[in-house]
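Undergrad: The following block contains the structure, expressed as structure tokens.
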Amino acid sequence: MTLLTKYILITVLILFNALCIKGNGSDVEDNFSESQSIDINKYLKMLSPEEFKQNGQYGLWFIFFGSNASVKSETFTYMWLEIQNQADKENITSNINLGMVECTRYYVFCKENNIEYFPTLLLEDELKDYENSDDVLDFIRNKIEVFSKNRQKEKVEEIVEEIGKEKAEEKVEEKVEEKGEEKVEEEEERIEEKVEEKVEEKVEEKVEEKEEEKVEEKVEEKEEEKVEEKEEEKVEEK
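Taking mature numbering (1 follows the signal peptide of the UniProt record, and there is no 0), I'd label the letters of the sequence shown as residues -25 to -1, 1 to 213.
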């Protein structure tokens, strides 16, 4: 999935969980043991009030406010860990910062941010809250618009690439046809040459035969003349 697709999924998640879209409003004792919470917290990017004030003014932040005292919060924590790890793998965190605030530990800070129920997710852009559904929807629309433009660009590139392939295939076919035509022409020329050679040979043979016949006729004529002369001489002698 593309980076923008992930953004859209994250913001949809915000739409259902953030900005006062809470749990059932009651905090109940966690069924998870304290050791389990501590174990998973080791792998989460925890955000203290000091870090938030220092870094929150830079860029886009997606913050999970949770509590060890809430079953729903603890259950969501495992999903949040998956989101965090996948975002790191896909380098999404180079464009949007992810962090978790543990409100059991930072109660005053969470109260200052009007966090009443857990889990609560907030999307902030340089410390500006997306305070209502219109803000979140505008954010989603902007991301979808960018995503759509990128998809259109990808489609155009695919079409251009496909046209390039078709052109290349046409060129190859043309070359094959040209080569085939050249071979046919070469074969025809070779056959014509052979035919001409055979014709010339036949003509030469005929000429030789004719010449031989003429020579034989000449010889016969000479012999006949000699025979006649002999006979005439004999007649004269008598």
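Backbone N, C-alpha and C define an ideal beta-carbon position, used for all residues, glycine too.
Computed from a predicted model, the values in this text were never measured in an experiment.
Quick one: residues in its chain with C-beta nearer than 8 angstroms to the C-beta of GLN29, no 5 flanking neighbours on either side, listed in chain order?
TA: Counting only Cβ-Cβ distances below 8 angstroms, and skipping sequence neighbours, we find nothing.
Undergrad: Can you tell which of GLU167, GLU199, PHE27 and GLU156 has its C-alpha closest to the C-alpha of ASN88?
TA: Among GLU167, GLU199, PHE27 and GLU156, the Cα nearest to that of ASN88 belongs to PHE27.
Undergrad: How about ASP100 and LEU22: do their beta carbons lie closer than 7 angstroms?
TA: No.
Undergrad: Under a Cβ-count criterion, where at least 16 other Cβ atoms within 10 Å of its own Cβ denotes burial, should GLU200 be classed as buried or exposed?
TA: Exposed, since its Cβ has fewer than 16 Cβ neighbours within 10 Å.
Undergrad: By how many angstroms is the C-alpha of GLY74 removed from the C-alpha of THR50?
TA: Near 17 angstroms, if we compare the C-alpha coordinates of GLY74 and THR50.
Undergrad: Going straight from the alpha carbon of ASN6 to that of VAL135, what length do you get?
TA: In this predicted model, ASN6 has a pLDDT of only 40, less than 50, meaning its place in the structure is not dependable; the value taken from the coordinates is given anyway. Spanning the two alpha carbons is a distance of roughly 57 angstroms.
Undergrad: Does DSSP put GLU203 in a helix, a strand or coil?
TA: Three-state DSSP puts GLU203 in a helix.
Undergrad: ALA(-8) to ILE71, Cα distance in whole Å?
TA: Residue confidence for ALA(-8) is low, a pLDDT of 40 falling below 50, so the modelled location carries little weight; the figure read from the coordinates is stated next. Distance between the alpha carbons of ALA(-8) and ILE71 is about 16 angstroms.
Undergrad: Report the three-state DSSP secondary structure of ILE90 (helix, strand or coil).
TA: Coil.
Undergrad: Between ILE15 and TYR53, how many whole angstroms is the CB-CB distance? I'm expecting something under 8 angstroms.
TA: That pair is a contact at about 7 angstroms.
Undergrad: Around the C-beta of GLY139, are 16 or more other C-beta atoms found within 10 angstroms, so that it is buried, or is it exposed?
TA: GLY139 is exposed by the Cβ-count criterion.
Undergrad: By the three-class DSSP mapping on this structure, what secondary structure does ASN43 have?
TA: Looking at ASN43 - three-state DSSP - the assignment turns out to be coil, as it is neither helix nor strand.
Undergrad: Taking all protein chains shown into account, do 16 or more other C-beta atoms lie within 10 angstroms of the C-beta of TYR81, making it buried, or fewer, making it exposed?
TA: TYR81 is buried by the Cβ-count criterion.
Undergrad: Measuring straight from C-alpha to C-alpha, what distance separates ILE(-5) and ARG126?
TA: Because ILE(-5) carries a pLDDT of 37, less than 50, the predicted location of this residue cannot be relied on, and no value is offered for it.
Undergrad: Using the rule of at least 16 other Cβ atoms within 10 Å of the residue's Cβ for burial, across every protein chain shown, is GLN61 buried or exposed?
TA: Exposed: under 16 other Cβ atoms inside 10 Å.
Undergrad: CB residue 214 to CB VAL76, shorter than 7 angstroms?
TA: A query on residue 214 cannot be resolved here, the shown segment of the chain reaching from -25 to 213 and no further.
Undergrad: Rounded to whole angstroms, what's the CA-CA distance from VAL182 to GLU204? Just pull it up for me.
TA: About 33 angstroms.
Undergrad: Nearest-angstrom Cα distance between ASN117 and PHE37?
TA: The alpha-carbon atoms of ASN117 and PHE37 are separated by roughly 17 angstroms.
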